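Chemist: Read in order, the letters of the sequence shown are residues 0 to 217 in numbering that gives the first Met the number 0.
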Amino acid sequence: MEQQFNYHVTLHKDNTYSLAVSIDQGYMLPEDFVLVAELAKKHNVGKMMLTTEKKVSFMDVAAEEVNPLWADLQETFGERICNPKGKITVCPGSMYCKFAMAGLDNHAMGRKIEEVSKKHNAGKVKVGVSCCPRNCAMSQIKDIGVSANVKGWVVTVGGNAGMIAKVGEKLADGLNDDELLALLDKVYQYIEENKKDNERTNKTIARLGIEHLKAAVL
Ligand code: SF4
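1) Could you tell me which of 186, 97, 137, 207 sits nearest to residue 195, measuring between CA atoms?
2) Touching or not, the region 67–74 and the region 138–147, by the rule of three or more beta carbon pairs under 8 Å?
3) Please classify residue 16: does DSSP put it in a helix, a strand, or coil?
4) To the nearest angstrom, how far is it from the Cα of residue 31 to the Cα of residue 209?
5) If you follow the alpha helix (DSSP H) that residue 111 is part of, which residue opens it and which one closes it?
6) Note down the Cα distance separating residue 64 from residue 42, rounded to an integer number of angstroms.
7) Specify, as a first and last residue, the run of the beta strand (DSSP E) that residue 168 falls within.
8) Any idea what DSSP makes of residue 80, helix, strand or coil?
9) From residue 199 to residue 124, what does the alpha carbon distance come to, in whole angstroms?
Okay, structure coming up:
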């Protein structure tokens, strides 16, 4: 029988679980990898995986080890760790990449968007924050896509990489930091008010139409 946890885990077909965590948005120190490996061994984790969203996934975790593992991870990494259902992924961009648009900081912006998302109960909303039009955070196939060009931030909505792949539709461009955060606040609010149960954002937008969203947030 599936055990209930008050954080996000996935039940495997052999009744073990996987727990995926994000540490500093995936940009970890070498010693962080040593720590997560030690905790994995302590809790008899069968396999580990680094996900496309830069999360560390502990797999094949026995049901009775899930809570102790999560408690140890929180104690070890404190505020640096989170267990996101809808992940905010940032490309190497402003910290590492020569193509990053000057004057825009997608790592700081990712953290600010996370704070905005916490104000809402919008469910599983995946966000990509790329610092140039190359979109290495796969922004265009996220529920909310943020990318950058010479004019500022660009926002797309309704992208999806699931069973029916879809590129998101452009909502706005040329935004500065404050304008972007204000718009995303409204988009999260819109999703919260309009989604049905666990409906994903692209399905909500397909059901109501992009003009309905634009009328509410622009
Ligand atoms: S999206 Fe642009 S800035 Fe970000 S890693 Fe890719 S090339 Fe670099």
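The C-beta atom is built at its ideal place from N, Cα and C for all residues, glycine as well. All of these numbers come straight from a predicted model, not from anything done at the bench.
Modeler: Let me spell this out:
1) Of the listed residues, the one whose Cα sits closest to residue 195 is 207.
2) By the Cβ criterion, the region 67–74 is not in contact with the region 138–147, since fewer than three pairs of Cβ atoms, one from each stretch, lie closer than 8 Å.
3) In the three-state reduction of the DSSP assignment, residue 16 falls in the strand class.
4) Spanning the two alpha carbons is a distance of roughly 42 Å.
5) 105–117 is the extent of the alpha helix (DSSP H) around residue 111.
6) Between the C-alpha atoms of residue 64 and residue 42 there is a straight-line separation of about 6 Å.
7) In the DSSP assignment, residue 168 falls within the unbroken beta strand (DSSP E) covering 168–174.
8) The answer is strand: DSSP assigns residue 80 an E or B state.
9) The alpha-carbon separation between residue 199 and residue 124 amounts to approximately 7 Å.
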